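The next block holds one structure in the form of structure tokens; read it before the comments.
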Amino acid sequence: MLNIVLFGPPGAGKGTQSQKLIAQYNLVHLSTGDLLRAQIAEGTELGLKAKQLMDEGLLVPDEVVIGMIGNALSKNQQAAGFIFDGFPRTVAQAESLDQLLTQHHTQVACMIALEVGEEELVKRLLERGKTSGRIDDQDETKIRRRVQVYNTETAQVAGYYAGQQKFHALNGIGEIEAIYTQICTLIDQHKAADAETPAAATREVQA
Ligand code: B4P
Numbered sequence: 007m008l009n010i011v012l013f014g015p016p017g018a019g020k021g022t023q024s025q026k027l028i029a030q031y032n033l034v035h036l037s038t039g040d041l042l043r044a045q046i047a048e049g050t051e052l053g054l055k056a057k058q059l060m061d062e063g064l065l066v067p068d069e070v071v072i073g074m075i076g077n078a079l080s081k082n083q084q085a086a087g088f089i090f091d092g093f094p095r096t097v098a099q100a101e102s103l104d105q106l107l108t109q110h111h112t113q114v115a116c117m118i119a120l121e122v123g124e125e126e127l128v129k130r131l132l133e134r135g136k137t138s139g140r141i142d143d144q145d146e147t148k149i150r151r152r153v154q155v156y157n158t159e160t161a162q163v164a165g166y167y168a169g170q171q172k173f174h175a176l177n178g179i180g181e182i183e184a185i186y187t188q189i190c191t192l193i194d195q196h197k198a199a200d201a202e203t204p205a206a207a208t209r210e211v212q213a
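For the sequence shown, my numbering begins at 7 and goes up steadily by one.
So this is what it looks like as structure tokens:
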């Protein structure tokens, strides 16, 4: 299984790049933002609670998103792997993801972080807000709060994966296609290294 965590602040390009990567590597896209917006669209109790937090640019409680990811993993047991987009956003979520994947006899291969400065993020999200209908993309104050939440609560997740030697950072500013090529290079390097390591070949069976 190939499990990639795509990381970065809101508007860094995670969703954009995920769409291209799932086609290239035949992976299942798990975006907690999309899963939460589906709950909102269905008008579930969970969706109603999540909407208030999301509209304000705040994180939804860990147990809610961890539960959603656990369900999605169970429903996709035959998948060749997953792109985790917007998850994990806290260290507690990262620890839970490790536990969940271990239960499914697999693990995170690598985290790829897209680095983009705040002014560019604000510009991109305000632009998306013109057509996306997303309330959290339409107000600069809320966008800056999301970036602040990323800096205070989410950025430390990078250290979690760095501690496991799984962290890679890329410049997220530039042509979408050029950034995509760099992400593919990293993934292909990882796949090649994994194929050459005898331990890696048996890792999933032993887990
Ligand atoms: P998400 O749905 O994850 O929203 P996002 O971070 O804003 O989207 P993304 O970063 O994928 O957008 P992209 O760069 O592709 O989260 C929304 C909310 O849900 C959160 O604030 C939180 O409340 C909640 N939530 C989600 N997951 C959670 C979790 N795990 N725990 C707790 N709460 C959670 O695209 C942005 C724009 O940039 C696009 O318009 C795109 O066209 C453009 N763009 C992309 N790449 C570009 C490039 N290279 N150059 C120019 N423009 C580019």
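Note that CB positions come from ideal geometry on N, CA and C, so glycine has one too. Given the structure is predicted, the values throughout are model-derived calculations rather than measurements.
Rounded straight-line distance, which links the Cα of residue j to that of residue i
i, j, result
"V128", "T203", "42 Å"
"A168", "A161", "12 Å"
"G73", "L176", "30 Å"
"E126", "R151", "15 Å"
"L52", "G180", "37 Å"
"Q30", "Q113", "20 Å"
"A78", "E124", "32 Å"
"L38", "A199", "The amino acid at residue 38 is misidentified as Leu; the sequence shows Thr. Going from the Cα of T38 to the Cα of A199 covers about 29 Å."
"A18", "A164", "15 Å"
"Q84", "N32", "12 Å"
"Q45", "L54", "8 Å"
"D61", "G135", "12 Å"
Closer than 7 Å: residue i CB and nearest the ligand B4P heavy atom
i, result
"T191", "no"
"R176", "Per the sequence shown, residue 176 should be read as Leu rather than Arg. Every heavy atom of the ligand B4P is 7 Å or more from the Cβ of L176, so no."
"M117", "no"
"G21", "yes"
"I214", "Because residue 214 is not part of the residues shown, which for the chain are 7 to 213, the question remains open."
"F13", "no"
"A168", "no"
"V153", "no"
"T3", "The chain is shown from 7 up to 213; residue 3 falls before or after that span and cannot be answered."
DSSP-derived helix/strand/coil call for residue i
i, result
"Y114", "The sequence given here has Val at residue 114, not Tyr. V114 falls in the coil class under three-state DSSP."
"V11", "strand"
"A86", "coil"
"G17", "coil"
"V122", "coil"
"D145", "coil"
Residue i vs residue j beta-carbon contact at 8 Å
i, j, result
"I185", "C116", "no"
"L41", "V155", "no"
"K148", "G21", "no"
"V153", "G14", "no"
Residue-chain proximity (residue i, chain C), Cβ-Cβ < 8 Å
i, result
"Q170", "In the displayed structure, chain C is absent; only one protein chain is listed."
Check: residue i C-beta below 7 Å from any heavy atom of the ligand SAH
i, result
"E133", "Here the bound small molecules are the ligand B4P; the ligand SAH is not part of this structure."
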